[in-house]
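The opening position of the sequence shown corresponds to residue 1 in the numbering used here, with each subsequent residue numbered one higher. Ideal placement from N, C-alpha and C gives every residue a C-beta, glycine not left out. Taking it in order: structure first as structure tokens, then the write-up.
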Amino acid sequence: LLGLPFVWTVLVVIQSLPWVIAIDLVSLIVRRRRGAEVAARVRAFGIVSALAMFAVYTPVRVLVEHGDVRLREHRVTAASPAGAPPFRIAFLADIQQDDHTDATRAHEIYELVNAQRPDLILSGGDWINSGPDHIESSAATSAHLHSRLGTFSVRGDHEHFAYRDLDRSVTEVERSLARHGVAMLDNEVRWFEHAGKRIGVLFLNHNYIHRTDRETARKLIDSIAHADYSIVVTHQLDAEIAALAGNIDLVLAGHTHGGQVNPVVGITHMNLARLETPYVDGRYQLGSTTIIVTAGVGYSIIPIRYASPGSLEIIDLAL
1 LLGLPFVWTV LVVIQSLPWV IAIDLVSLIV RRRRGAEVAA RVRAFGIVSA LAMFAVYTPV
61 RVLVEHGDVR LREHRVTAAS PAGAPPFRIA FLADIQQDDH TDATRAHEIY ELVNAQRPDL
121 ILSGGDWINS GPDHIESSAA TSAHLHSRLG TFSVRGDHEH FAYRDLDRSV TEVERSLARH
181 GVAMLDNEVR WFEHAGKRIG VLFLNHNYIH RTDRETARKL IDSIAHADYS IVVTHQLDAE
241 IAALAGNIDL VLAGHTHGGQ VNPVVGITHM NLARLETPYV DGRYQLGSTT IIVTAGVGYS
301 IIPIRYASPG SLEIIDLAL
């Protein structure tokens, strides 16, 4: 953060502003009771203290949490579990490989995933950040992911950002991933079996560049509603898609980065991703549907996370 003075300054000023307003109100009270000179000293001391507090706290928090990735374990249960060993899914998203999250860092993350011995690896997309330089590198690094049934992904926003030609971008990313054993799917369904049960997984193409329309999404979701267990994987999850998924057992999404940069407003951090979706980070329950949103690993726009450590999701499905 110290290498990004503009970002640091903006964060300090924004976080200090509510405190400055409160200090101004206090100084008005002091002015009436103790006079203008004392009020001016109180105001000056308060404003300098607020600025100094955030000038120290903000970069320290960023540095302390730098590189943190939470490994979160979730147990979900089918309506009538048969008591078989659980079906283990590893879910990751938003690696966004670039100069800041390079191949070495991505490989470390994938080894952490492999150590959990998943049956299946699912991804919410955003394997690259932007530009063509990391397309092949990110695909080659993804080959280090290992599971019994393979790795499957949806398209993210950033798969479209390698070139000005959005179609060329996503096509090159998909082809590179496919050469290295990762299937990136576009509104397609895949079926898996475990302990005699059929698991239907829909890979829904829903991101800033492509919004699957409501009717198409409904038909795709209905196509797996009869599965013993149904899963929707999407890059972005908004309230409309969540409502359509009412007959689905599990929804997996990424995109939000857990807010990535969550400034203090008053005395608590505000998750800015809530401006876009109610499903920002972690596990939610919407009726009978479990929703899990990962905070991802990489960065978007600026190479820092503030009060928003990354995450990987390990899901044990009891069928």
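Local Cβ density within 10 Å of residue i, reported as buried at 16 or more and exposed below that
i	result
Y299	buried
R32	exposed
F6	exposed
A40	exposed
T9	exposed
D222	exposed
G266	exposed
H160	buried
W127	buried
D165	exposed
H66	exposed
V56	exposed
G196	exposed
Proximity of residue i and residue j at Cβ, strictly below 8 angstroms
i	j	result
D249	L319	no
R211	L244	no
D68	R43	no
H257	Q236	no
G254	T290	no
V297	G282	no
R305	Q260	yes
P278	H269	no
E172	M184	no
G124	L275	no
Same chain, Cβ closer than 7 angstroms to residue i, five either side skipped, listed in chain order
i	result
E188	F203
V38	V30
V20	I47 and A50
G246	G287 and T289
Distance between residue j and residue i (C-alpha atoms, nearest Å)
i	j	result
S49	A103	42 angstroms
A90	F45	51 angstroms
H226	R155	25 angstroms
H194	S288	21 angstroms
V26	V280	36 angstroms
L92	Y110	9 angstroms
I209	I47	43 angstroms
K219	V233	15 angstroms
G35	P18	24 angstroms
Contact set for residue i: own chain, Cβ-Cβ below 6 angstroms, skip 5 residues either direction
i	result
A106	I95, Q97 and T141
H100	Y299 and P303
P132	A162
S16	A50, L51 and F54
A139	S176, L177 and H180
Own chain partners of residue i with C-beta closer than 8 angstroms, once the 5 adjacent residues on each side are dropped
i	result
R88	Q116, R117, P118, D119, L120, I314, I315, D316 and L317
T216	N187
L312	V69, R70, L71, R72, A90, F91, L92, I109, L112, V113, T294 and V297
The ligand SAM heavy atom lying under 7 angstroms from the CB of residue i
i	result
R70	Ligands displayed in this structure: none; no statement on the ligand SAM is therefore possible.
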